[in-house]
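These notes are about the structure you will find just below.
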């Protein structure tokens, strides 16, 4: 694989992993996830799970690693969405 491909892949992985940070911080600080789409995050978590499986199948540890981080972060957002929506119903 070329250096250019590695740099682009690394940049893409970093952007994907970091992209969930601001949303996660906002939800945690405000204790409100009402603006988060439940369906979108269910699909996102499913997608990252499939990317991880794909990474294992092709033995691409960068694909596996970056998608595990993204799965954890998007899963945390999904968990907070569920948690805070349950608290609102009480």
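Numbering (UniProt numbering), first residue to last: 1 to 90. A virtual CB, placed ideally from N, CA and C, is assigned to each residue, including glycine.
Exposure of residue i, with buried meaning 16 or more beta-carbon neighbours within 10 Å
| i | result |
| --- | --- |
| residue 80 | buried |
| residue 73 | buried |
Sequence-distant residues of its chain with Cβ nearer than 7 angstroms to residue i (five each side left out)
| i | result |
| --- | --- |
| residue 32 | 84 |
| residue 67 | 48, 51, 52, 55 |
| residue 13 | 62, 66 |
| residue 9 | 62 |
Residue i to residue j span [Cα, whole Å]
| i | j | result |
| --- | --- | --- |
| residue 16 | residue 70 | 7 angstroms |
| residue 25 | residue 7 | 28 angstroms |
| residue 44 | residue 11 | 20 angstroms |
| residue 29 | residue 22 | 11 angstroms |
| residue 3 | residue 64 | 20 angstroms |
| residue 87 | residue 40 | 21 angstroms |
| residue 77 | residue 42 | 10 angstroms |
| residue 38 | residue 75 | 11 angstroms |
| residue 82 | residue 18 | 22 angstroms |
| residue 1 | residue 20 | 28 angstroms |
| residue 27 | residue 5 | 35 angstroms |
### Query
Contact between the region 58-67 and the region 33-40: three or more CB pairs below 8 angstroms?
no
### Query
Counting only runs that start and end within the region 5-56, where is the beta strand (DSSP E) found for 3 or more residues in a row?
none
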